[in-house]
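Here the structure comes first, spelled out in structure tokens, and everything after it is commentary.
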Amino acid sequence: MRVLFLTSRLPGPLFRGDQLRAYHHLRQLSTRHRITLVAVHDAAPDPARIAALETYCERVIVVRRPAAEMAWRALAALPSQLPLQAAIYDFGALRAALAALLSETEFDLAHVQLARLGPHLARLHPLPCVLDFIDALSVNMARRATFDRGFFGLAARLETPRLAA
918 MRVLFLTSRL PGPLFRGDQL RAYHHLRQLS TRHRITLVAV HDAAPDPARI AALETYCERV
978 IVVRRPAAEM AWRALAALPS QLPLQAAIYD FGALRAALAA LLSETEFDLA HVQLARLGPH
1038 LARLHPLPCV LDFIDALSVN MARRATFDRG FFGLAARLET PRLAA
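Residue numbers for the sequence shown follow the working numbering, beginning at 918 and rising by one.
Laid out in structure tokens, this is it:
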């Protein structure tokens, strides 16, 4: 199968849990499937890290995370019920990268990691999709809303009901 694997962070060992999980999914899936990875990253990634991912992926496409656009999208989403994480990851460069990729490559399945990339599911239609939530983010946010202070506490209090819906 040809698999489109979409992540909100560049996978790799020795990083955060979602990155480690994605890395091992890629490692296992690559033994039987052809994978194109689309990952969001803050800056130009280390070439050695890309080379390591190319061991498992037919293609690795890195989309730079535009901080200003993401902040604007979070503000614009405040009056809605959309999770702020989903709003900020629904940015133009990622939409364009996915549209270009889907126009040139026929995939059998999309694996989308984390609820924050949920808005892209509609753009992948009619491609069958697996949405990997990893964990109960709504529970995590509810806990953080109780314990975090300052900006992060406020953000968690705003995000909790949005994720629970």
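By construction, the Cβ of each residue, glycine as well, lies at the ideal position given by its N, Cα and C atoms.
Answer yes or no: do Gln-1002 and Ala-939 have a C-beta to C-beta separation smaller than 8 Å? Here residue 1002 corresponds to residue number 85 of the sequence shown, with the count starting at 1. Here residue 939 corresponds to residue number 22 of the sequence shown, with the count starting at 1. Not a contact, by the Cβ cut-off of 8 Å.
For Leu-923 and Leu-954, what's the separation of their Cα atoms in angstroms? As a working note, residue 923 is residue 6 in the sequence shown. As a working note, residue 954 is residue 37 in the sequence shown. The alpha-carbon atoms of Leu-923 and Leu-954 are separated by roughly 6 Å.
Using 8 Å as the threshold, is the segment 945-961 in touch with the segment 1042-1057, meaning 3 or more CB pairs across them? No, because fewer than three Cβ pairs between the segment 945-961 and the segment 1042-1057 fall closer than 8 Å, the two stretches do not touch.
Within the continuous alpha helix (DSSP H) that includes Ile-967, where are the two ends? Position 50 of the sequence shown holds residue 967. Taken as a continuous stretch (DSSP letters only), the alpha helix (DSSP H) holding Ile-967 covers 964-971.
Name the residue from Ala-984, Met-987 and Arg-926 whose alpha carbon lies nearest to the alpha carbon of Pro-962. Counting from 1 along the sequence shown, the entry for residue 962 is found at position 45. Of the candidates Ala-984, Met-987 and Arg-926, the one whose C-alpha sits nearest the C-alpha of Pro-962 is Arg-926.
Is it buried or exposed, Thr-1077, if we count other Cβ atoms within 10 angstroms and call 16 or more buried? Taking the first residue of the sequence shown as position 1, residue 1077 is located at position 160. By the beta-carbon neighbour count (other beta carbons within 10 angstroms, threshold 16), Thr-1077 is buried.
DSSP-derived helix/strand/coil call for Ile-1005: In the sequence shown, residue 1005 corresponds to position 88, counting from 1. Under the three-state reduction of DSSP, Ile-1005 is assigned to helix.
Compute the beta-carbon to beta-carbon distance between Arg-1079 and Pro-996, rounded to the nearest angstrom, for a pair I have assumed lies under 8 Å. Here residue 1079 is taken as the residue at index 162 of the sequence shown, counted from 1. Here residue 996 is taken as the residue at index 79 of the sequence shown, counted from 1. Actually they do not touch by this definition, with Cβ atoms about 12 Å apart.
Taking buried to mean at least 16 other C-beta atoms within 10 Å of its own C-beta, is Asp-1007 buried or exposed? Residue numbering aside, residue 1007 sits at position 90 when the sequence shown is read from its first letter. Looking at its Cβ environment, which holds 16 or more other Cβ atoms inside 10 Å, Asp-1007 is buried.
Return the bridge partner residues of Val-977 from the DSSP annotation. Working through the sequence shown from its first residue, we reach residue 977 at position 60. According to the DSSP secondary-structure assignment, Val-977 is paired through a beta bridge with Leu-954.
Output yes or no for whether 8 Å exceeds the beta carbon distance between His-1028 and Asp-1052. Walking along the sequence shown from the start, residue 1028 turns up at place 111. Walking along the sequence shown from the start, residue 1052 turns up at place 135. Not in contact: His-1028 and Asp-1052 (Cβ atoms no closer than 8 Å).
Among Ala-984, Arg-933 and Ser-1020, which has the Cα closest to the Cα of Gly-1009? The residue labelled residue 1009 in the question sits at position 92 within the sequence shown. Ranked by Cα distance from Gly-1009, the first of Ala-984, Arg-933 and Ser-1020 is Ala-984.
Between Leu-1038 and the rest of its own chain, which residues show a CB-CB distance below 6 Å, the 5 nearest in sequence each way excluded? Counting from one through the sequence shown, the residue named residue 1038 turns up at place 121. If you ignore the 5 residues before and after Leu-1038, its C-beta comes within less than 6 Å of the C-beta of Cys-1046, all in its own chain and listed in chain order.
For Phe-1064, which three-state DSSP category applies? Translated into positions along the sequence shown, residue 1064 becomes position 147. Three-state DSSP puts Phe-1064 in a helix.
Taking 8 Å as the cut-off, decide whether the C-beta atoms of Ala-1073 and Ala-1082 are in contact. Residue 1073 sits at position 156 when you count from the first residue of the sequence shown. Residue 1082 sits at position 165 when you count from the first residue of the sequence shown. It is not a contact, given that the beta carbons lie outside the stated cut-off.
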